[in-house]
Amino acid sequence: MMTAATMLAAFAVGALAGAAHFLLLRKSVALLAAGRVALPAALMPLRFVVLGALLYAVARHGGAAPLLAAGAGILLGRQAVLLWTRGDE
Numbered sequence: 001m002m003t004a005a006t007m008l009a010a011f012a013v014g015a016l017a018g019a020a021h022f023l024l025l026r027k028s029v030a031l032l033a034a035g036r037v038a039l040p041a042a043l044m045p046l047r048f049v050v051l052g053a054l055l056y057a058v059a060r061h062g063g064a065a066p067l068l069a070a071g072a073g074i075l076l077g078r079q080a081v082l083l084w085t086r087g088d089e
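Under our numbering, the first residue of the sequence shown is numbered 1, with each subsequent residue one higher.
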């Protein structure tokens, strides 16, 4: 049985993972723009592996509904990063 606490936890995990993912993406782009390639090349697969592992763990633990909640959290984390870093160019 799916509880509200499980859904909220999945959403929170997704939001934190999404924010971390998109903050690292922003850092990678800044490094690439500065001509540094090695660190962004290492961060790219790391971002995807960590995000994928977290989504896999959420799906294994709770099924489809928490996975959807985590996905919604990732979108919220992305939006938060976009709003937080607005004008930082």
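Every residue, glycine too, gets a C-beta built ideally from N, C-alpha and C.
Report back the beta-carbon spacing between residue i and residue j to the nearest angstrom; my notes put them in contact at under 8 Å.
i	j	result
residue 17	residue 74	6 Å
residue 67	residue 47	With a Cβ gap of about 19 Å, residue 67 and residue 47 do not count as contacting.
Using CA coordinates, which residue listed in the options is at the minimum distance from residue i?
i	options	result
residue 44	77, 20, 12 and 13	20
residue 88	79, 71 and 30	30
residue 84	12, 38, 22 and 13	22
residue 53	4, 14 and 8	14
residue 8	80, 63, 69 and 64	69
Measuring only the C-alpha atoms, how far is residue i from residue j?
i	j	result
residue 2	residue 10	11 Å
residue 82	residue 76	10 Å
residue 27	residue 60	31 Å
residue 95	residue 71	Residue numbering for the chain in the displayed model covers 1 to 89; residue 95 lies beyond these limits and cannot be assessed.
residue 80	residue 58	21 Å
residue 5	residue 78	22 Å
residue 63	residue 55	10 Å
Exercise. Along the chain, which unbroken stretches of the beta strand (DSSP E) at least 3 residues long are found entirely within the stretch 24-87?
Worked result: Listed in chain order, nothing qualifies, since the stretch 24-87 has no complete beta strand (DSSP E) run of 3 or more residues.
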